[in-house]
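Residue numbers (this note's numbering), protein chains in the order written: chain A, 5 to 341; chain B, 5 to 341.
The next block holds one structure in the form of structure tokens; read it before the comments.
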């Protein structure tokens, strides 16, 4: 075994590169959050990450315990004029209508088919649940996954005309990546359907299916033509909202997050649970204050109502992100994606 | 900026090490499964791992989809003369007895307190459930975690006198590590209690809490002295056994495993679900054939009964590990841990 002079010199070059990379001789400080304006929100986030990752520091947290949880609707992507999953439900009712002639005269389906969303939702939660079950159950998990993939690839937001997956918040994409680069495991904890999110969260957010927690319906294992399938049943299993969020976090993750990000009263208990733990904690609320670039809403909104959680942010030491002032941009530029 | 001669020479040394590591000039083939005897079982496992990790190969699987699921009782650790969690239940009944004077005359508690396990379990599933609820509910998740940590640190197996966490199978520890070294994410999918396993699976198996799936009871978020807690309720939420295993896998992981390891009919549907997917798949059953070093049991065992799954292993193409012949050692040597 021998090493030629050329190989030796290459090895030395590799060594120098290695040396520079490790000791940072030429390192320039790179802003990991370029879409965040300088200010208290950004400063608090960066200070928290530095504190929990500083070896030997008093707030150091082992990588395994660096768990961060994110609400989805209104926190990672937009949620106006209604939850994006509602668009999915209405589109599915229309697609399934030929198989259900009775829907023409049966509420809330009839209103949906006439395009009258407001009338369809008059029946409140019960009506929405009926629509959800009619569109989310009765097929296998594999079939449902394909339905979601097909829909998300073509559906467009009524106001912006953009695919829903491009109405994600660029500053939050940077935040997800920044946390992961610092050893965090990032989870989604959403009131939305778990199987509605999983087919695209890895591609869009870098969050794999096993790190997505959401509301779910029951499934049943059975054989169909000798092949094992999981059938989706028209029966709620778990609602991952409000006091359900800490329950869902415990069931899926089994340890308490050290950072939690939300935007509404539905996230109140999740932030409470995460920030009540010992050691350094970060609770963040995204406050929708930007009527021009996105939407402005809080206490009186029927979607994403932010009231009690906003009042408690101060006493709880949570950071309230002012979208208008704190975010340089809202959505990713299509070219950049 | 300058580099001293000493730094340069160190950089060169680093470069050489880097070169050797990358190009493997001095590499010796190391057996990743030293406690497995050469044979068809080991050969199949290694061939599968090589096939799914070979870049450009016809069976290549992207790292994100390399999901492997493991049953716990009888697959990763022993399960005789009864599931280890049953020892926990009986110990807890004894510990809690002073607070429950009525247990002295109330079955199945009275039999447990007299040390008569057989009589205690005469009531079948109903009796066991009553004992489980009395010992697993009524405290917070944090309190229960500590109870498990304290118990597992001190409890001993009646036959071997060893801590239960040392009655894990050395060949399976190697297999877990081997899969992870090849980009797999390893999950536990057990009929046992999810919160009974999570406090120690990371230390013992290298499987973090968020990759543990098991049976669970309901929890409820509430405030106690102003602090948020999750109370454990005496009500089953999910039974992660038989047809429940694919359901649990889908709920927690959201994609189909490509490899599944079990040892009993309780794992039948899990292996069926995993191996019915497209592409290369690995289904493995651990067959307890070693009366001398461990236990020998299958079709007629009340614990870990292996009957239907054993019959179907051939037609399904599953690998049956013959513990007596395939495993060089059973438990880790205490010195090695």
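Where is the CB? At the ideal position from N, CA and C, for every residue including glycine.
One or two residues paired with residue i in a DSSP bridge
| i | result |
| --- | --- |
| residue 40(B) | 331(B) |
| residue 219(B) | 197(B) |
| residue 149(A) | Bridge partners of residue 149(A): none, in fact. |
| residue 251(A) | Residue 251(A) is not bridged to any residue. |
| residue 324(B) | 289(B) |
| residue 167(A) | 160(A) |
| residue 191(A) | 73(A) |
Limits of the alpha helix (DSSP H) - the one that residue i falls within
| i | result |
| --- | --- |
| residue 129(B) | 128-140 |
| residue 240(A) | No alpha helix (DSSP H) holds residue 240(A); the beta strand (DSSP E) holding it covers 231-242. |
| residue 91(A) | 88-100 |
| residue 272(B) | 272-279 |
| residue 318(B) | 312-320 |
| residue 178(A) | 174-185 |
Boundaries of the beta strand (DSSP E) in which residue i is found, first to last residue
| i | result |
| --- | --- |
| residue 113(A) | First-last for residue 113(A): 113-117, but that is the alpha helix (DSSP H), not the beta strand (DSSP E). |
| residue 106(A) | No beta strand (DSSP E) holds residue 106(A); DSSP gives it neither H nor E. |
| residue 121(B) | No beta strand (DSSP E) contains residue 121(B), which is instead part of the alpha helix (DSSP H) from 121-124. |
| residue 263(B) | 263-266 |
| residue 72(A) | 71-74 |
Burial state of residue i, where buried means 16 or more other Cβ atoms lie within 10 Å
| i | result |
| --- | --- |
| residue 71(A) | buried |
| residue 254(B) | buried |
| residue 79(B) | buried |
| residue 25(B) | Note that residue 25(B) scores 48 on pLDDT, short of 50, meaning its location in the model is unreliable; the coordinates nonetheless yield the value given after this. Burial call: exposed. |
| residue 126(B) | exposed |
| residue 193(B) | buried |
| residue 116(A) | buried |
| residue 66(A) | exposed |
| residue 240(B) | exposed |
| residue 45(A) | buried |
| residue 54(A) | exposed |
| residue 228(B) | exposed |
| residue 153(B) | exposed |
| residue 88(A) | buried |
| residue 118(B) | exposed |
| residue 249(B) | buried |
| residue 256(B) | buried |
Min CB distance residue i to chain B below 8 Å
| i | result |
| --- | --- |
| residue 258(A) | yes |
| residue 223(A) | yes |
| residue 202(A) | yes |
| residue 234(A) | yes |
| residue 254(A) | yes |
| residue 105(A) | no |
| residue 89(A) | no |
| residue 192(A) | no |
| residue 251(A) | yes |
| residue 144(A) | no |
| residue 155(A) | no |
| residue 268(A) | no |
| residue 73(A) | no |
| residue 206(A) | yes |
| residue 277(A) | yes |
| residue 28(A) | For residue 28(A), the predicted model reports a pLDDT of 49, less than 50, meaning its position is unreliable; a value from the coordinates is still stated below. Answer no: the Cβ-Cβ gap between residue 28(A) and chain B never drops below 8 Å. |
| residue 216(A) | yes |
Nearest candidate by alpha-carbon position, reference residue i, set the options
| i | options | result |
| --- | --- | --- |
| residue 196(A) | 82(A), 316(A), 245(A) | 245(A) |
| residue 77(A) | 105(A), 330(A), 292(A) | 292(A) |
| residue 97(A) | 137(A), 251(A), 83(A) | 137(A) |
| residue 148(A) | 163(A), 73(A), 186(A), 203(A) | 203(A) |
| residue 263(B) | 180(B), 306(B), 139(B) | 180(B) |
| residue 304(B) | 256(B), 99(B), 268(B), 143(B) | 268(B) |
| residue 168(A) | 113(A), 200(A), 247(A) | 200(A) |
| residue 296(B) | 280(B), 52(B), 327(B), 103(B) | 327(B) |
| residue 286(B) | 47(B), 35(B), 40(B), 36(B) | 47(B) |
| residue 299(B) | 163(B), 151(B), 39(B), 157(B) | 163(B) |
Test: residue i CB closer than 8 Å to a CB of chain A
| i | result |
| --- | --- |
| residue 39(B) | no |
| residue 65(B) | no |
| residue 321(B) | no |
| residue 239(B) | no |
| residue 76(B) | no |
| residue 213(B) | yes |
| residue 152(B) | no |
| residue 25(B) | Model confidence at residue 25(B) stands at a pLDDT of 48, short of 50, so the residue's coordinates are unreliable; what they give is reported in the following sentence. It does not: the Cβ of residue 25(B) has no partner Cβ on chain A nearer than 8 Å. |
| residue 220(B) | yes |
Check: residue i C-beta below 7 Å from any heavy atom of the ligand FMN
| i | result |
| --- | --- |
| residue 329(A) | The ligand FMN is absent from the structure shown, which contains no ligand whatsoever. |
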